[in-house]
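Residue numbers (our numbering), protein chains in the order written: chain B, 11 to 409; chain D, 35 to 137. Glycine is no exception: its CB is placed at the ideal position from the N, C-alpha and C atoms.
Pasting the structure below:
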């Protein structure tokens, strides 16, 4: 969804932003029945055109969006910091925010590679001077951390403001976003420990970003007429033959170390094979995934697993499952499969039938260290009766 | 000299929780470079921690520990304002010592 884009695609980033703003405007335009369409809106092409030309038919539909509605939607912050609300936050307040709301997924020092690639790492004092991250060029660093890629501080602020914490986006106050952004910069040794980031000094802080000069604009992503930024080198003749698999683990041994798919992160390119299935089934899925475009094996199997999850829930027990979906428990828990947290089945098997009260308390308080190193954030925002219903459902184990 | 460690020491009830991030390449001695030569082992070997001068942790690190390792540990006692000092020594004899105040 909203990901910090690498330097190359910053043009794309900016265009998305323009498009988003134009859409806000377009709702206004269409509903207010003005006939003209701004050149900005033209960037978003089709949807805009359709809406405006359909205006006469839709004349009696809807109402003008209120300024408050538009404000709630139009929250983007641009590279020149247009749209940035005034406010400030210190590194030390940012550390409090980080420890309470971010660390469980991103690690105490932003170093964790468990839920997503690390936020911090592999930028140097020399990079801060030049504005180019040396590690982006060599092959010594296998991954790109956020601070390696980031060329515009507005993007970091905007991203955290709209998308983080992952399990409760848009819950941070403006000052908390400033503070936690300052803390991230301090973890990257970009600002000192006593630094206070604010709308007043954010532009000069931008000038310290390690990858601030890593941005390129001379490519088709930025200007439609320019060259594409990727050179295809697709083979047209005498191409290498497709690799053939000539040996594989025998089925009885595939799962000897547990299901590899469950032991890998569920985001990112590196996935394990689903060793709970026979090699033949896995291969069939792989081929199916490949023939439907670029769908990887992991995608095919995870969506299929989700299908199983839904099918496994029998009709009488869908109400608690719906609650678990409503409160995004299922973002981290599958009924039968481990995601970020343990599967509901494993939880049931561990705690048994008389555990409803224990489980309710655990859900409310969150916890860590029982199933692995990733913590579960407290779920105290879920109404008490709904926690109770989910806990009883987990204890009953009739999924 | 190696980059400083980042250390956080926090009192939670009667337990002090310490988290340390060390900056080190932690070469295992088992990798080869592009020319096929073994990259020699070079990693942190010993880590020690003291609280107000008293030893609270000694750890032996080997080649299985990751680059830029993060280490968490906790000990009973400790009060806000006390000092926690962490040191490491690597296979070349380089040392690094940093400290944090319990908060």
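Short Cβ contact (8 Å threshold) for residue i with residue j
{"i": "residue 131 (chain B)", "j": "residue 155 (chain B)", "result": "yes"}
{"i": "residue 221 (chain B)", "j": "residue 160 (chain B)", "result": "yes"}
{"i": "residue 58 (chain D)", "j": "residue 102 (chain D)", "result": "yes"}
{"i": "residue 98 (chain B)", "j": "residue 169 (chain B)", "result": "no"}
{"i": "residue 401 (chain B)", "j": "residue 369 (chain B)", "result": "yes"}
{"i": "residue 119 (chain D)", "j": "residue 81 (chain D)", "result": "no"}
{"i": "residue 388 (chain B)", "j": "residue 376 (chain B)", "result": "yes"}
{"i": "residue 125 (chain B)", "j": "residue 192 (chain B)", "result": "no"}
{"i": "residue 122 (chain B)", "j": "residue 112 (chain B)", "result": "no"}
{"i": "residue 399 (chain B)", "j": "residue 352 (chain B)", "result": "no"}
{"i": "residue 272 (chain B)", "j": "residue 332 (chain B)", "result": "no"}
{"i": "residue 49 (chain D)", "j": "residue 43 (chain D)", "result": "no"}
{"i": "residue 284 (chain B)", "j": "residue 269 (chain B)", "result": "yes"}
{"i": "residue 194 (chain B)", "j": "residue 163 (chain B)", "result": "no"}
{"i": "residue 60 (chain D)", "j": "residue 41 (chain D)", "result": "no"}
{"i": "residue 122 (chain D)", "j": "residue 129 (chain D)", "result": "yes"}
{"i": "residue 405 (chain B)", "j": "residue 371 (chain B)", "result": "no"}
{"i": "residue 120 (chain B)", "j": "residue 104 (chain D)", "result": "no"}
{"i": "residue 418 (chain B)", "j": "residue 198 (chain B)", "result": "Residue 418 (chain B) cannot be examined here, being either before or after the span of chain B that is shown, 11 to 409."}
{"i": "residue 87 (chain D)", "j": "residue 75 (chain D)", "result": "no"}
{"i": "residue 374 (chain B)", "j": "residue 397 (chain B)", "result": "yes"}
{"i": "residue 242 (chain B)", "j": "residue 236 (chain B)", "result": "no"}
{"i": "residue 171 (chain B)", "j": "residue 182 (chain B)", "result": "yes"}
{"i": "residue 116 (chain D)", "j": "residue 85 (chain D)", "result": "yes"}
{"i": "residue 153 (chain B)", "j": "residue 127 (chain B)", "result": "yes"}
{"i": "residue 129 (chain B)", "j": "residue 190 (chain B)", "result": "no"}
{"i": "residue 94 (chain B)", "j": "residue 167 (chain B)", "result": "yes"}
{"i": "residue 261 (chain B)", "j": "residue 288 (chain B)", "result": "yes"}
Three-state secondary structure assigned by DSSP to residue i
{"i": "residue 246 (chain B)", "result": "coil"}
{"i": "residue 132 (chain D)", "result": "strand"}
{"i": "residue 83 (chain D)", "result": "strand"}
{"i": "residue 78 (chain D)", "result": "strand"}
{"i": "residue 358 (chain B)", "result": "helix"}
{"i": "residue 398 (chain B)", "result": "helix"}
{"i": "residue 46 (chain D)", "result": "strand"}
{"i": "residue 146 (chain B)", "result": "helix"}
{"i": "residue 41 (chain D)", "result": "strand"}
{"i": "residue 81 (chain B)", "result": "helix"}
{"i": "residue 376 (chain B)", "result": "coil"}
{"i": "residue 369 (chain B)", "result": "helix"}
{"i": "residue 66 (chain D)", "result": "strand"}
{"i": "residue 251 (chain B)", "result": "coil"}
{"i": "residue 53 (chain D)", "result": "strand"}
{"i": "residue 22 (chain B)", "result": "With a pLDDT of 36 at residue 22 (chain B), under the threshold of 50, the modelled position of this residue cannot be trusted; read the value that follows with caution. Residue 22 (chain B): helix per DSSP, three-state reduction."}
{"i": "residue 219 (chain B)", "result": "coil"}
{"i": "residue 207 (chain B)", "result": "strand"}
{"i": "residue 44 (chain B)", "result": "Low confidence applies here, because residue 44 (chain B) scores a pLDDT of 30, under 50, leaving its location unreliable; read the following figure in that light. Residue 44 (chain B): coil per DSSP, three-state reduction."}
{"i": "residue 348 (chain B)", "result": "strand"}
{"i": "residue 409 (chain B)", "result": "coil"}
{"i": "residue 31 (chain B)", "result": "The pLDDT assigned to residue 31 (chain B) is 39, lower than 50, so where the model puts this residue is not dependable; a value taken from the coordinates is nonetheless given after this. Three-state DSSP puts residue 31 (chain B) in a helix."}
Neighbour list for residue i in chain D, Cβ cutoff strictly below 8 Å
{"i": "residue 121 (chain B)", "result": "55, 102 and 104"}
Cross-chain neighbours of residue i in chain B, by beta carbon under 8 Å
{"i": "residue 130 (chain D)", "result": "Under the 8 Å cutoff, chain B gives no residues; its nearest Cβ is about 16 Å from residue 130 (chain D)."}
8 Å Cβ cutoff, residue i in contact with chain C
{"i": "residue 263 (chain B)", "result": "No chain C appears in the structure shown, which is made up of the protein chains B and D."}
Report task. Within the stretch 85-127 of chain D, note down every full beta strand (DSSP E) run reaching 3 residues or more, in order along the chain. Result -> 88-94, 104-110 and 117-124
Query raised in the report: When Cβ atoms are compared, which residues of the stretch 125-146 of chain B fall closer than 8 Å to chain D?
Result: 131
**Report entry** Interface positions of the stretch 47-73 of chain D facing chain B (Cβ-Cβ less than 7 Å), listed along the chain
**Finding:** 53 and 55
**Report entry** Short-range partners of chain D found in the stretch 104-119 of chain B, where Cβ spacing is below 9 Å
**Finding:** 105, 109, 117, 118 and 119
Requested in this report: Mind listing, in chain order, the continuous alpha helix (DSSP H) runs of no fewer than 4 residues lying wholly within the stretch 151-199 of chain B?
Outcome: 156-159, 163-173 and 184-197
Report task. At 4 residues or longer, and completely inside the stretch 93-135 of chain B: list those alpha helix (DSSP H) runs for me, N to C. Result -> 101-111 and 113-116
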